[in-house]
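Since the structure comes first, as structure tokens, the remarks are kept for the end.
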Amino acid sequence: MSVLVLLEQRGELKPCAFEAATAAGKVARAAGLPLHAVYIGQALADQASLLGGFGIEKVYAYERAELGHYSNDAYVPIVRDLAQELDAKVIIGSATALGKECCASVAARLGAELIQDCLDVWWDNGLVARKPIYAGKVLSDVRVTRAPALVSLRPNVVPVVREGEAMPEIVRREMPAVSLRTVLKQVAEAAAGTVELTEAKIVVSGGRGIGGPENWPVLQALCEVIGAALGASRAAVDAGWIPHAHQVGQTGKVVSPDVYIACGISGAIQHQAGMRTSRIIVAINKDPNAPIFKLCDYGIVGDLFEVVPMLTEELRKVQAA
């Protein structure tokens, strides 16, 4: 029996991979089970040195150029077969778009319990996971009653913790023979410097108060100064001011950054469902009665076109100093 962690990559190991490894290590130690990891992608190379201190005994590395980008047909059989080989009772991955798809597919093939988009996971005479329900208004602790169990963790909710410097053994494996029903022809990469919304440490979002698509540069300037991702409310997306990929909320993306700055967003419950687990919430809105002010840690009642440029300039001065 063992615990298996899925190390997600996009050319290099993603921050969420280390978060999943931290959570898996905690579970493995409490359960008295060995911890293993699976890496699927291009060459692991010197990234292996980043996996010390998590308690991972072995990393099973499937390294091929064609595995650089996620493929359900290729990734899922690898994880399924390895989980069966290692008799994995607990499998932990990341609740990214690709991570959730992979976990769901693996769970279906293993006939396993699955808990998606969790905020925490621990061992208490069995696996317990905490996840938000009812649009994030309630946190539910879910106990898994049978094995194997799969859990996906929301990015940015688990602090990365290393205990010691022990390095795992790297076990390189050949790619199994699989029938690929789909072939990747082209990858549209995000512009250089663009921060992935769901994994960003800081998110700046605009809503109806932004006034129109011509005004996004006001928020983009702030994003550039603090290294933030640009988000939007459904109202801004429905108005056609910004693509849906930027939408935060119940029908958009769920984010859990260290800092979430809502500019011109009223804060309807549907938007709160996508950002209420942020560690610090800052609201900028002209309406003192906007619902967002009941949720935020810091609120500024004012015109975002006056407040945001002032904030951007002050932060530039801090950086220059």
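If you use numbering that gives the first Met the number 0, the sequence shown corresponds to residues 0 to 320, in order.
Here a beta-carbon is modelled for each residue, glycine too, at the ideal position from N, C-alpha and C.
- Secondary structure note for residue 130: its beta strand (DSSP E) is the uninterrupted segment 126-132.
- 201 is the residue among 32, 254, 272 and 201 whose C-alpha sits nearest the C-alpha of residue 225.
- For the pair residue 319 and residue 219, the Cα-to-Cα distance works out to about 19 Å.
- The DSSP-derived three-state label of residue 116 is strand.
- Sorting 160, 118, 161 and 158 by C-alpha distance to the C-alpha of residue 141 places 118 at the top.
- Residue 213 has its alpha-carbon roughly 22 Å from the corresponding atom of residue 266.
- Boundaries of the alpha helix (DSSP H) around residue 72: 71-85.
- Residue burial annotation: residue 138 is exposed, with fewer than 16 other C-beta atoms found within 10 angstroms of its C-beta.
- Buried is the label assigned to residue 82, since at least 16 other Cβ atoms lie within 10 Å of its Cβ.
- Under the DSSP assignment, residue 104 falls outside any beta strand (DSSP E), being part of the alpha helix (DSSP H) whose first and last residues are 96-109.
- Residue 28 carries a helical assignment under DSSP once its states are collapsed to helix, strand and coil.
- Under the three-state reduction of DSSP output, residue 222 falls in the helix class.
- DSSP lists no bridge partner for residue 270.
- Following the DSSP letters along the chain, one finds residue 145 in no alpha helix (DSSP H), marked with neither H nor E.
- Distance from the CA atom of residue 270 to the CA atom of residue 261, rounded to whole angstroms, is 10 Å.
- When the beta-carbon positions are compared, residue 116 and residue 151 come within less than 8 Å of each other.
- For residue 195, no alpha helix (DSSP H) run applies, since DSSP gives it neither H nor E.
- Assigned with DSSP and collapsed to three states, residue 35 falls in strand.
- The closest CA to that of residue 311, considering only 62, 175, 223 and 160, is found on 223.
- Straight across, the Cα-Cα distance linking residue 221 with residue 55 is about 39 Å.
- The C-alpha of residue 122 is placed about 42 Å away from the C-alpha of residue 263.
- Look at residue 171 here: in three-state DSSP terms it is strand.
- Its chain contains 134 as the residues whose beta carbon lies nearer than 7 Å to that of residue 268, once the 5 sequence neighbours on both sides are disregarded; these appear in chain order.
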